[in-house]
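With my numbering, letter number 79 in the first sequence gets 311, and the count goes up by one each step, no holes.
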Amino acid sequence: MEQVRVRFAPSPTGPLHIGGVRTALYNYLFAKKNGGTFILRIEDTDQTRFVEGAEEYIMESLKWCGIVVDEGIREGGNYGPYRQSDKKTIYRQYADILIDKGDAYYAFDTPEKLESLRSESEKAGKTFIYNAEAREKLINSVSLKEVEWREKLDKGEPFVIRFKMPHNEDIHFDDIIRGHIVVNTGTLDDKVLFKSDGMPTYHLAHLVDDHLMEISHVIRGEEWLPSLPLHIMLYRSFGWNPPLFAHLPLLLKPDGKGKLSKRDGDKMGFPVFPLFWPYGETAKGYREDGYYPEPFINMLALLGWNPGTEQEIFSMDELINTFSIDRVGKSGSRFDPEKAKWFNHQYLQKRTNTQLAIEFREFLRAHGYHFDIIRLETLIGLVKERVSFVKDIWEQTDFFFKAPEIYDQEVVKKRWKEDSAGLLLELKSILENTVDFSAAATELVIKAWIEKNGYNTGAIMNALRLLIVGTLRGPHMFDIISWIGKDETLKRIDKGVTLLSK
RNA sequence: GGUCCAUUCGUCUAGUGGCUAGGACGUCAGGUUUUCAUCCUGGUAACAGGGGUUCGAUUCCCCUAUGGACUACCA
Numbered sequence: 233m234e235q236v237r238v239r240f241a242p243s244p245t246g247p248l249h250i251g252g253v254r255t256a257l258y259n260y261l262f263a264k265k266n267g268g269t270f271i272l273r274i275e276d277t278d279q280t281r282f283v284e285g286a287e288e289y290i291m292e293s294l295k296w297c298g299i300v301v302d303e304g305i306r307e308g309g310n311y312g313p314y315r316q317s318d319k320k321t322i323y324r325q326y327a328d329i330l331i332d333k334g335d336a337y338y339a340f341d342t343p344e345k346l347e348s349l350r351s352e353s354e355k356a357g358k359t360f361i362y363n364a365e366a367r368e369k370l371i372n373s374v375s376l377k378e379v380e381w382r383e384k385l386d387k388g389e390p391f392v393i394r395f396k397m398p399h400n401e402d403i404h405f406d407d408i409i410r411g412h413i414v415v416n417t418g419t420l421d422d423k424v425l426f427k428s429d430g431m432p433t434y435h436l437a438h439l440v441d442d443h444l445m446e447i448s449h450v451i452r453g454e455e456w457l458p459s460l461p462l463h464i465m466l467y468r469s470f471g472w473n474p475p476l477f478a479h480l481p482l483l484l485k486p487d488g489k490g491k492l493s494k495r496d497g498d499k500m501g502f503p504v505f506p507l508f509w510p511y512g513e514t515a516k517g518y519r520e521d522g523y524y525p526e527p528f529i530n531m532l533a534l535l536g537w538n539p540g541t542e543q544e545i546f547s548m549d550e551l552i553n554t555f556s557i558d559r560v561g562k563s564g565s566r567f568d569p570e571k572a573k574w575f576n577h578q579y580l581q582k583r584t585n586t587q588l589a590i591e592f593r594e595f596l597r598a599h600g601y602h603f604d605i606i607r608l609e610t611l612i613g614l615v616k617e618r619v620s621f622v623k624d625i626w627e628q629t630d631f632f633f634k635a636p637e638i639y640d641q642e643v644v645k646k647r648w649k650e651d652s653a654g655l656l657l658e659l660k661s662i663l664e665n666t667v668d669f670s671a672a673a674t675e676l677v678i679k680a681w682i683e684k685n686g687y688n689t690g691a692i693m694n695a696l697r698l699l700i701v702g703t704l705r706g707p708h709m710f711d712i713i714s715w716i717g718k719d720e721t722l723k724r725i726d727k728g729v730t731l732l733s734k
């Protein structure tokens, strides 16, 4: 089998959508699975849509995801340049080849003229299409005499180069995911290959580049499927062997219909981009929302592909080993933010307490608390399994760092009885005399005291929790008082008894 | 409108010419827990509709419906 070479070829028009990330991921997995090369090519032939910073953003995003580029602008390679605008002069030569062969022609109609033809047709209930029929009536090197169009060229009139789509011919082609497809050229139009601004369109540029870069498989979004017949025709005109094609299904919005957009994320509170986008209209990213790259990738990989087993958790290496294009689904996948959270939970559980302590310490610093790793490790051990993100740890542990300001009135009503103050003060004196304040030791002492006096365990412990935490939540009571320590425990009991006895 | 693509639990999906149509997320119920959460166990829930082909179709074919993409001198 020939060398596998695949590319991810985004345009630098803004932040990278997760649909794009998934396309990059599948290209990457396919390349690595087959010992091939993953290429990053920047398609910036539309000068009007260029956005500052987008190119860097794309590279940083892939890096964060753990998708390693083999050939590209930063990495170099023998098939450069990897940015289309850096080699714009070559595309005209290829357009000329087609003109010489009679498969393309110069067209001089202005965009305004074509636009008015389009709207006229629409009014008449018809669709204007620049095809074999129309081109005879328009101004181009097919309808004009040679001296006429040559003169226009010499005068420097603006022109585009269009592909001369045959009349009525069935084009047969195959897609790895969708199988055999037949399209009649009669429904296709004479697509612009080369624009009047001197740049090629996507159709010409990507095809020339794919050929020159010896791309073996084109794996791209489904939105390109309708133009595949044109691309097949172009390969035929050039006399080149086309690569194999795989068109990926779309990522759809969580509710309703249509493809996933930034709007959906904003509306429902989840990111649609891997990283924070700092330019113009900002957009939040998975990284800043506290997701780890591994679960993000894991989740994305399974959206449209599955290995046919019941395994859900995959490392990048496992994905590479298991990936296969024939197991990519045909239909669009609705994105589920809940499942993304679940994946992050799974990966967070696998982190060590030390790793999490280091990450959480950063978070605490921002809140003005400074603790050493050892102490935080213990704390994290108590709450780890109940959190999905590092930022969740704070919500689970805020009362470790500060005494409650208010007491949950519902709980007070239910758990703070006439005799509670007396019992808690009695409990306080027991604790005062306890030297070993480990959870195990205090548990032993308190339970013995409860049993000896025939007290109700639930009543005591819930009242204690109310004073220490402020409400009924959190890990085991004895773990909490052990961590905050004897002094703080006694202080909180005092404070609570005083406030609630008023 | 035209062209093309798609359709299995709410969601992601597995699957086969004959199965109790499987798993995961969510949800619901029980259990564990002095609280909350986690966790464990269990339940709920799907082959879009209609025609064929066939002894038999979720599976193969056709039609319809629905959804989607494309229909630019954007990619």
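The beta-carbon is built from N, C-alpha and C at its ideal position, and this holds for glycine as well.
Taking Cβ positions, are residue i and residue j nearer each other than 8 Å?
i, j, result
"H463", "L480", "no"
"F575", "N538", "no"
"I274", "R315", "yes"
"V236", "N259", "no"
"L484", "K491", "yes"
"I447", "A478", "no"
"I700", "I692", "no"
"E609", "A589", "yes"
"D521", "P503", "yes"
"D341", "L376", "no"
"R468", "L425", "no"
"V238", "H449", "yes"
"K562", "I322", "no"
"S373", "Y326", "no"
"L420", "M397", "yes"
"G501", "L482", "no"
"L732", "V643", "no"
"D302", "T269", "yes"
"D261", "L596", "Here the sequence assigns Leu to residue 261, which means Asp is not the residue at that position. Contact flag unset, no."
"D406", "H399", "no"
"R647", "N694", "yes"
"R367", "D422", "yes"
Have a look at the options and flag the residue whose alpha-carbon is nearest the alpha-carbon of residue i.
i, options, result
"K770", "D558, A263 and L698", "Look at the range of the chain in this structure, 233 to 734, and you will see that residue 770 is not part of it."
"K499", "P569, E352, D549 and L482", "P569"
"K684", "G702, I662, Y326 and D421", "I662"
"Y524", "E550, Y579, P475 and F470", "Y579"
"I290", "P244, R324 and L261", "P244"
"Y601", "E542, F633 and D318", "F633"
"A336", "F546, L436, L704 and K387", "L436"
"L346", "Y362, K646, L704 and K645", "Y362"
"F631", "L611, A327 and E642", "L611"
"H599", "I545, F405, W626 and P343", "W626"
"G517", "P242, P247 and A241", "P247"
"K489", "F528, L294, R566 and D441", "R566"
"N416", "E401, E383 and N553", "E401"
"G430", "T721, P474, P390 and L272", "P390"
"K320", "E550, T541, V560 and P432", "P432"
"G298", "F592, S556, T721 and R519", "R519"
"Y434", "T666, P242 and Q641", "P242"
What do you get for residue i, buried or exposed, if any count of 16 or more other CB atoms within 10 angstroms of its CB means buried?
i, result
"A263", "buried"
"R249", "Note on residue identity: the sequence assigns His, not Arg, to residue 249. When all chains shown are included, H249 counts as buried."
"A356", "exposed"
"Y511", "exposed"
"E234", "exposed"
"E513", "exposed"
"A515", "buried"
"S293", "buried"
"S714", "buried"
"V392", "buried"
"G686", "exposed"
"G471", "exposed"
Write down the C-beta distance between residue i and residue j rounded to the nearest angstrom, noting that I regard them as a contact closer than 8 Å.
i, j, result
"L656", "I725", "6 Å"
"L659", "L696", "7 Å"
"L476", "L257", "Contact doesn't hold; Cβ gap of about 18 Å is too wide."
"G536", "R254", "7 Å"
Quick one: is the Cβ of residue i within less than 7 Å of any heavy atom of the ligand HEM?
i, result
"K489", "In the structure shown, the ligand HEM is absent, as is every other ligand, since no ligand is present at all."
* Asked: Can you find at least 3 beta carbon pairs, one from the region 674-681 and one from the region 702-714, that sit closer than 8 Å?
  -> yes
* With contact counted as at least three CB pairs below 8 Å, one residue from each stretch, are the region 275-282 and the region 454-463 in contact? -> no
* **Segment contact, 8 Å Cβ cut-off, at least three pairs: the region 619-630 with the region 649-660** => no
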